[in-house]
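Let me begin by presenting the structure, written as structure tokens, before commenting on it.
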Amino acid sequence: MTQLRLSVNDAQHELEIAGDETLLGVLRDRLSLTGAKLSCGRGECGACTVLIAQDGAPARAIYSCITLAAACDGTSVTTIEGLGRDGAHPLQQAFVAHDAVQCGYCTPGQILASLALLRENPTPTVSEIRTALSGNLCRCGTYPKIVAAVQDAARRLAVGE
Amino acid sequence: MANKRFVATKVEVEGREETRIVELPEFEPAPWTADVPMDVVGQCVPRMDALEKVTGLATFTTDVKRPGMLYAAIVRSPIANGRVKSLDLAPSLAMPGARAVLLREEVDGLRYDSGQLFDHVIRFAGQPLAAVAAESQEAANRAALAAIVQVEADAHAVTSRAALRQNAPKIRSHGNTSKHSPRVHARGDVDAAMAQADVVIRREFRTPCALHTAMEPHGAVAEWRGDMLTVWESTQGIFNTRSDLAEAFGLKLTQVRVIKEHMGGGFGAKNGAHASTYIAAALARKTGLPVRCVLDREGEQVDSGNRSSTTQRVALAARRDGTLTAIIMESEIAMGVGGWFASPAKICHELYSCPNVRTTEVFVYTNTGAMASFRAPGHVEGAFGLECSMDALARELRMDPLDLRMRNYASHDQEKDRRYSDKRLDECYRQGAQRFGWKSPLSTSSARSARLRRGKGMASISWGAGGGPPSYATVRVNQDGTAEVLTGSQDLGTGARTVFAQIAAEALGADINHVRTILGDTERLPYTGNSWGSQTTASVGPAVRMAAEDAKTRLLEAAAQILRIPAEQLEARESFVRMKGAADPTSQTPSLSFQQITEKLGDVMIIGQGSRGPNPDKTALFAFGAQFAEVEVDVETGHVRVIRLVAAHDSGRIINPRLAESQLEGGMLQGLGFALFEERVLDESLGLPLNPTMHDYKIPTMSDLPTIEAFFVPGSDTVANHTGAKGLAEPPIIGIAPAIANAVADAIGAEILELPITPWRVLAALERSR
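Top to bottom, those sequences are chains A and B. If you count the first sequence from 1, position 67 lands on 67 in my numbering, and the numbers rise without skipping. Start counting at 1 in the second sequence, then tack on 161, and there's your number in my numbering.
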């Protein structure tokens, strides 16, 4: 067992974990944050995407199903539950407005991958959106609506700034 | 003699017609014909569960956690055919956290799509042999790996070709083809028509085994309290799952409660109890604790259903003017070890006007996981053969492919010789072709270059989507003036919650923001059927409407008493009751909000009941569509890029255009995957699946996204039912693969006969045509 200090959605946690526990497992099973989903378990589909940041560096989108929790000591993690706690985030609003949601299983991952993109590139082209989100699969085929939602959210965020 | 209260009616589900008993509803609401003005139906109301889903609050079956819950993992067969010699789970039980094992002798009689659960006769690689329950999923997985499995392998047959060989290993006790095989459908005199035809074309096509690959795998959480079983299941049919479980465990239907709040996709593979459901319930009974059994991705890809692979030999005969005189299709369909007979031939019986048709289908058992319904099962496969053949015929006749299809337009149901309730395929052709620019040459920017060549193609769609009874709904107006739709249906991500609320709000005269839908619980909600076969809106929608109309009658009577105005002079709109014809609710005329009425009524509840009536006699209830594709092919690498897809669909009245558009786009993207990437690959010598992961089994990603324009031709099919709506979930996947294949053929001047259209198949087609 090893000691893990983790900030999740600005709440501090100290946990005893086994060496083989994944970040996704810690989030879902220990912290009951079930927004991030297990679908492939191999870093192939993006349903488990969360944001992770360390030492003030910008947050990156990662596949939490293949990230060992022990390697996340001292990091800050943002899950979908941490987004828009004071009213829906512009990305969440845009996903609703553009119907960029069907079954909703991949949606938390899509939104967090989009957030990572917009933080790095506030005005992405359609082609940049497609590339950035190509690691987040959606079997319902909401892709056209997601592209529209991300473009709209970029506009909403630009106006908000 | 008085009319009978209970009558029989026909319902078509995924190409199969069933007779069902229906109780005639107390009243039939006036049809919502196309000219009836609507406040809420037809509006792009935002998806009602979208906020839950974007905030991560939506609870899926995989998110259900019960106190003391154990996690199950499955021990699977490493070979494709043979038997278990010995199975030792003592090492599994000795692993840390392991709590129980479940063996063959404990699940006698529990059968699922692939046969007896944990059968020691092995018939496919990945077949479940036993299960383990442990304190965490990781512990369960490790315990399952510790099982010692000794097997004796026999020769296997994983393709229909291998299974049909003379000395092929026997896969089912009665042989390797279905009973009553081949299945033949014939009308007219095909041989005479072939002999007299001006033109005959013959082609052989292959379609691959495709995997549903829903983001949420199959899974269940089961919990017993005494002899009451509660199961949370990711399912398209809570009531089907309930009856499967009741039968398997010898329970009354009402001893089983099945709950489904949200689900991460189904696409046809989740229509009842599965291996995972039975394992969770059996282990929960054995341990006395709640048990969760969710398939891992490999389990999902090898043993949760698939679209059968097919070979199809198609012949078309025609007159010089393009009139079809005969259609022949002979096909072999590889089902795996079980499943049902999804017919690739059926589309040949119904899509075109043709007096002479003969189809022969051989359904073949193979040593692979059982097939399951997969979005328009049969039609997707058959449309590829038929619609690519139509293009081959058009080339032979030097006719425009669209003109050829119009020439052979079927104005009544050819297969069963009956009327259509409504058919606007001609409008789909016209409007689709116009939006696509079918009759004009591809734009200058897309002119052919030596290496990158562009082409266009199209295909047509028909699909039985009329729904039917039985389906029930309750609409209750609460003391706070809000209304709730209660119906035991399922929202797969389709938007059923939103669509039902819109129908109820329209019929009740309520503000849509004051209406919500509660569904997905067999214990607390009235019966509806499965959400399969594009059934839900057309089956449940009329029941919801009737329940809301019933509630409105009561509400208006209450308002009439309060206002001292006869109920006939009142109407309800936007959650206000007022005089008919009044300009707006705030005007001088007397009006009451729903809340004012319910407050006056105290604890009296306004409850409306509704049910789905019978389908019209001798009538085909179909949805239609025409789909168009533009592609760019790199003739040096064989790479195909889909530039744009245009689809015009006829599904009667559309309740929510934005949600309907989302579903069309999604179906079209699944069609694109089927056309270009998706294929379960098996090692024929080992009988093992080679790509049971999401990396190796390629579904479309956002990088593959073409420009998509999908729309509906306006209409309302009130012959089908009084809401005028038909189903739309499955039609959009049907025409995409042939439209793309026809576009590739147009681009490179060589026909595509096999899916998926991989670069090497394109290069091979080019090679053949040289």
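Every residue, glycine too, gets a C-beta built ideally from N, C-alpha and C.
Item	Value
Between which two residues does the beta strand (DSSP E) holding residue 796 of chain B run?	Residue 796 of chain B -> no beta strand (DSSP E), and no H or E assigned at all.
Note down, in chain order, every chain B residue with its Cβ under 7 Å from the Cβ of residue 2 of chain A.	Within 7 Å Cβ-Cβ: nothing; residue 2 of chain A doesn't reach chain B, min ~15 Å.
Do the CB positions of residue 114 of chain A and residue 83 of chain A come within less than 8 Å of each other?	no
Distance, Cα to Cα, residue 751 of chain B vs residue 725 of chain B?	10 Å
Less than 8 Å between the beta carbons of residue 614 of chain B and residue 918 of chain B, yes or no?	no
Assign residue 921 of chain B to one of three DSSP states: helix, strand, or coil.	helix
What residues from chain A crowd round residue 136 of chain B, counting only those whose CB sits closer than 8 Å?	The first residue shown for chain B is 162 and the last is 931, placing residue 136 of chain B beyond what the model contains.
When you compare only the Cα positions, how much space is there between residue 384 of chain B and residue 31 of chain A?	23 Å
Leaving out five residues on either side along the sequence, give the residues of the same chain with a beta carbon under 7 Å from the beta carbon of residue 830 of chain B.	861
Quick check: the Cα distance between residue 785 of chain B and residue 903 of chain B, rounded to an integer number of angstroms?	19 Å
Give the single residue among B/689, B/762, B/189 whose Cα lies nearest to the Cα of residue 884 of chain B.	B/189
With a Cβ-Cβ cutoff of 8 Å, do residue 137 of chain A and residue 855 of chain B count as a contact?	yes
Less than 8 Å between CB atoms is the rule here; does residue 17 of chain A satisfy it with respect to chain B?	no
Provide the residue span of the beta strand (DSSP E) that contains residue 834 of chain B, from first to last.	Not the beta strand (DSSP E): residue 834 of chain B falls in the alpha helix (DSSP H), residues 818-837.
Using the three-state DSSP reduction, which class does residue 752 of chain B fall into: helix, strand or coil?	strand
Does residue 20 of chain A come within less than 8 Å of chain B when only Cβ atoms are used?	yes
Decide if the region 632-643 of chain B is in contact with the region 706-725 of chain B; the criterion is three or more beta carbon pairs, one per stretch, under 8 Å apart.	yes
Please check if any C-beta of chain B sits within less than 8 Å of the C-beta of residue 143 of chain A.	yes
Taking all protein chains shown into account, decide if residue 766 of chain B is buried (16 or more other Cβ within 10 angstroms of its Cβ) or exposed.	exposed
Thinking C-alpha only, which one of B/358, B/566, B/847, B/926 is nearest residue 480 of chain B?	B/358
Could you name the residues of the same chain whose beta carbon sits closer than 8 Å to that of residue 888 of chain B, not counting the 5 residues immediately before and after it, in chain order?	624, 626, 627, 628, 694, 695, 696, 697, 698, 699, 784, 812
So with Cβ pairs under 8 Å, would you call residue 59 of chain A a contact of chain B?	no
For the region 226-240 of chain B against the region 439-458 of chain B, do three or more pairs of beta-carbon atoms, one drawn from each stretch, fall closer than 8 Å, so that the two count as touching?	yes
Residue 149 of chain A to residue 143 of chain A, Cα distance in whole Å?	10 Å
Among the candidates B/265, B/864, B/513, B/288, whose CA atom is the shortest distance from the CA of residue 127 of chain A?	B/864
Closest to residue 764 of chain B by C-alpha separation, out of B/212, B/639, B/366, would be which residue?	B/639
Can you tell me whether residue 872 of chain B is helix, strand or coil according to DSSP?	strand
Measure the C-alpha to C-alpha separation of residue 203 of chain B and residue 660 of chain B and round it to an integer number of angstroms.	10 Å
Count the other C-beta atoms from every protein chain shown that fall within 10 angstroms of the C-beta of residue 102 of chain A, then say buried if there are 16 or more, exposed otherwise.	buried
Looking at the C-beta of residue 81 of chain A, does it have a partner C-beta in chain B at a distance below 8 Å?	yes
If I measure Cβ to Cβ from residue 484 of chain B and keep anything under 8 Å in the same chain, skipping five residues before and after, which residues do I get?	568, 569
For the beta strand (DSSP E) that residue 376 of chain B lies in, which residues bound it at each end?	Neither: residue 376 of chain B is in no beta strand (DSSP E) and is coded neither H nor E.
Report, in whole angstroms, the separation of the C-beta atoms of residue 122 of chain B and residue 351 of chain B, which I expect to be a contact under 8 Å.	Coverage of chain B is limited to positions 162 through 931, which leaves residue 122 of chain B absent and any answer about it impossible.
What does residue 698 of chain B touch in chain A if you count any residue whose Cβ is under 7 Å from its own?	Correct list: empty, because the minimum Cβ distance to chain A is about 15 Å.
Indicate the three-state DSSP secondary structure (helix, strand or coil) for residue 901 of chain B in the structure shown.	helix
What is the C-beta distance between residue 912 of chain B and residue 369 of chain B, in whole angstroms, given that I count them as a contact (C-beta under 8 Å)?	The Cβ separation is near 17 Å, so there is no contact.
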